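**Student:**
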Amino acid sequence: MPTSSRPVYRFAPSPNGHLHLGHALSGLLNYEAAREAGGRFLLRIEDIDIIRCTPELTREMLEDLAWLGLSWEEPVRRQSDDFNDYRAALARLDEMGLIYRGYLTRSEIKAHVAAHEAGARDYPRDPDGAPIYPGDEAVLSAEEIKRRKSSNAPFALRLDMEKALARIGKPLTWREAGSGPNGEHGLLVADPASWGDVVLARKDTPTSYHLSVVVDDALQGVTHVMRGQDLFFATAVHRLLQALLDLPEPVYHHHRLILGPDGRKLSKSSRDTSLRELRAAGHTPADIRAMIALR
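The opening position of the sequence shown corresponds to residue 1 in the UniProt record's numbering, with each subsequent residue numbered one higher.
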């Protein structure tokens, strides 16, 4: 893995839609932090979803970022070119006995949660509000599990959180140079268990965001991860995977989000905040900086 005495920052958008003002903030913050520190700035294309992340959207994304004033080192890492790196990481975790196939569908999980909550009991959820995976045995019969395994039914490769934490055997922390949603800062304690058995890959997709981001950051020698506060709690999972795979720990910096009129974070489906639409309407890069309150 590359090592450097210079800090390394990266911006890693997904070309599954047009970039919006939130991407502009994150990209510019990383770019300017790298420049001010005399470091390196990398662009990474997170195109795991090869169906939605089209070549046209990728080209338009690069155009918008260049128009915004960003420049980056070449070559650009594209996740779709590096699936073998993620397969190798999965193989290491599998050798440790930390991965299993989960066969429950989203609809089956939803029905299980609804039945649980019908009894006026709260169902445990992860920091993003999604239900914790209940385990196949809680929903399916032994015969049905056996049938799905033998028929090679669709599955998700999940991290056995209990076994993973037992293997580490000590508390995990991270250095937060920005702040969490509640002002968290400094040396923070990670809580991977709050996520349950997270998905690391699926039958038809060789990696997930959690796995690919830690592998990519390590392979690219990233020293500073600057990203939105919506990913603050996911850092706990990333620290666990780094510890399991013997990967270096970067400094994390979570920045404020750009919110829409409804108070929610921006979506790529929102045309009025799309950089491409704003650019076509005659706005300048200076206008974008004003919109995101960045001098």
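Just so it is clear, CB atoms sit at the ideal spot from N, CA and C, and this is done for glycine as well.
In this text the structure is predicted, and so the values were computed from the model without any measurement.
#1: Is it buried or exposed, residue 14, if we count other Cβ atoms within 10 angstroms and call 16 or more buried?
#2: From the DSSP output, in three-state form, read off residue 232 for me.
#3: Here's a check: name, in chain order, each residue in its chain whose Cβ is nearer than 7 Å to the Cβ of residue 193, leaving out the five neighbours to either side.
#4: By the three-class DSSP mapping on this structure, what secondary structure does residue 74 have?
#5: Report yes if the CB atom of residue 42 is closer than 7 Å to the CB atom of residue 74, and no otherwise.
#6: Taking the alpha helix (DSSP H) that residue 209 belongs to, which residues open and close that run?
#7: Determine the direct distance from the alpha carbon of residue 201 to that of residue 157, and round the result to whole angstroms.
#8: I need the boundaries of the beta strand (DSSP E) containing residue 41, first residue and last residue.
#9: Just to confirm before moving on: does the CB-CB distance between residue 86 and residue 211 stay below 7 Å?
#10: Drop a sphere of 10 angstroms on the beta-carbon of residue 121, count the other beta-carbons inside from all chains shown, and report buried for 16 or more, exposed for fewer.
#11: Going straight from the alpha carbon of residue 27 to that of residue 11, what length do you get?
#12: Looking at residue 174 and residue 239, is the spacing between their C-beta atoms short of 7 Å?
#13: Count the other CB atoms within 10 Å of the CB of residue 284; is the residue buried (16 or more) or exposed (fewer)?
#14: Can you check which of these residues, 254, 148, 79 and 33, is closest to residue 186 by C-alpha distance?
#15: Express the C-alpha separation of residue 84 and residue 78 in angstroms, rounding to a whole number.
#16: How close, in whole Å, do the beta carbons of residue 264 and residue 60 come, if the pair is a contact with beta carbons under 8 Å?
#17: Hey, could you find the ends of the alpha helix (DSSP H) residue 284 is sitting in?
#18: Assign residue 12 to one of three DSSP states: helix, strand, or coil.
#19: In whole angstroms, what is the alpha-carbon distance linking residue 6 and residue 217?
#20: Might you give, ordered along the chain, the residues of its own chain that have their beta carbon closer than 7 Å to the beta carbon of residue 215, omitting 5 neighbours on each side?
#21: Using 7 Å as the threshold, is the C-beta distance between residue 223 and residue 76 below it?
#22: Look up residue 102 in the DSSP assignment and give the residues it is bridged to.
#23: Between which two residues does the alpha helix (DSSP H) harbouring residue 27 extend?
#24: Rounded to whole angstroms, what is the Cα-Cα separation between residue 18 and residue 34?
#25: Flag this pair as yes or no: are the beta carbons of residue 139 and residue 195 separated by less than 7 Å?
#26: Name the DSSP beta bridge partners of residue 186, please?
#27: Just to confirm before moving on: does the CB-CB distance between residue 171 and residue 198 stay below 7 Å?
#28: To the nearest angstrom, how far is the alpha carbon of residue 159 from that of residue 125?
#29: Can you tell me which of 167, 110, 53 and 274 puts its alpha carbon nearest to the alpha carbon of residue 131?
#30: Going by DSSP, name the residue or residues bridged to residue 55.
**Tutor:** Considering the structure as presented:
#1: buried
#2: coil
#3: 161 and 165
#4: coil
#5: no
#6: 209-219
#7: 5 Å
#8: 40-45
#9: yes
#10: exposed
#11: 6 Å
#12: yes
#13: exposed
#14: 254
#15: 12 Å
#16: That pair is no contact at about 24 Å.
#17: Taken as a continuous stretch (DSSP letters only), residue 284 belongs to no alpha helix (DSSP H), as it is neither H nor E.
#18: coil
#19: 15 Å
#20: 85, 86 and 89
#21: no
#22: 156
#23: 21-36
#24: 24 Å
#25: no
#26: 176
#27: no
#28: 16 Å
#29: 110
#30: Looking at the DSSP assignment, residue 55 forms no beta bridge with any residue, so it has no partner.
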